[in-house]
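Here the structure comes first, spelled out in structure tokens, and everything after it is commentary.
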Amino acid sequence: AQTVTQSQPEMSVQEAETVTLSCTYDTSESNYYLFWYKQPPSRQMILVIRQEAYKQQNATENRFSVNFQKAAKSFSLKISDSQLGDTAMYFCAFRGQGAQKLVFGQGTRLTINP
Amino acid sequence: GAVVSQHPSWVICKSGTSVKIECRSLDFQATTMFWYRQFPKQSLMLMATSNEGSKATYEQGVEKDKFLINHASLTLSTLTVTSAHPEDSSFYICSAPPRLAGGDYEQYFGPGTRLTVT
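So the protein lines, in turn, are chains A and B. Just so we're aligned, residue 1 is where the first sequence starts under this note's numbering, counting upward by one. Just so we're aligned, residue 1 is where the second sequence starts under this note's numbering, counting upward by one.
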């Protein structure tokens, strides 16, 4: 079974700084999809960024980018120029090629301080 | 993006009663919907997969008779917590991938329902 591990329960940085959240996963599949979700205090799950394993280029969405290392099974999220509104729980998630279910990591609570 | 709604957003019920939570895909059809449970400061735990026109698939350790799931149409799934107890108090979230979605698609999440059992 696939597993997703987020080893940083909490992180805190100053506004405008860059922060990187770590995520590792375990799978025997060759193609799959990886996601980062944000859950703000409202608790609505928001997709931040996604990456298909077959695509070598790291995904980027404005201030958010990933460092996808397939061989190392690592999928970290970098937030540049962090903003107060980035304060939230961040979940890394995995979905297999033929699957619909998402497997979530434990989450990282990120706080951006003014 | 597509929208998934949940109703109610917050419900308080007495111990021993049943409560129903609805999950609707508002602008797309979903043959599959997922139900999660989330305790404070914890991750989402998948409870079951709701399948339109067939029985739900429950994750290991989830009581089928306690958490009844009905996928009545291509836009509606319901979760009924039967004989609720205080330990059932939690945040319940549903999600849905678009029907006939290909490999690369986004799964849409509802806003969640807070259940408090007194």
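Ideal Cβ placement from N, Cα and C applies to all residues, glycine included.
- Burial is judged here by how many other beta carbons sit within 10 angstroms of a residue's own beta carbon; Lys101 of chain A has at least 16 and is buried.
- In terms of Cβ geometry, Thr118 of chain B and Lys14 of chain B form a close pair [threshold 8 Å].
- Contact residues of the region 24–53 of chain A toward chain B are Asn31, Tyr33, Phe35, Tyr37, Gln39, Ser42, Arg43, Gln44, Met45, Ile46, Leu47, Arg50 and Glu52 (C-beta to C-beta distance below 9 Å).
- Chain-ordered, the chain A residues with CB closer than 7 Å to the CB of Leu46 of chain B read Lys101.
- Identification of residues in the region 87–100 of chain B having a C-beta nearer than 9 Å to some C-beta of chain A yields Phe91, Ile93, Ser95 and Pro97, given in sequence order.
- Residues of chain A with a Cβ closer than 8 Å to the Cβ of Thr49 of chain B are, in chain order, Gln100 and Lys101.
- In the structure shown, Glu87 of chain B falls within a helical segment according to DSSP collapsed to helix, strand and coil.
- Contact of Gln2 of chain A with chain B is not assigned, every C-beta pair being separated by 8 Å or more.
- At a C-beta separation below 8 Å, Pro111 of chain B has these neighbours in chain A: Ser42, Arg43 and Gln44.
- DSSP places Asn51 of chain B inside the beta strand (DSSP E), whose first and last residues are Leu44 to Asn51.
- Annotated three-state conformation of Asp86 of chain A is helix, per DSSP.
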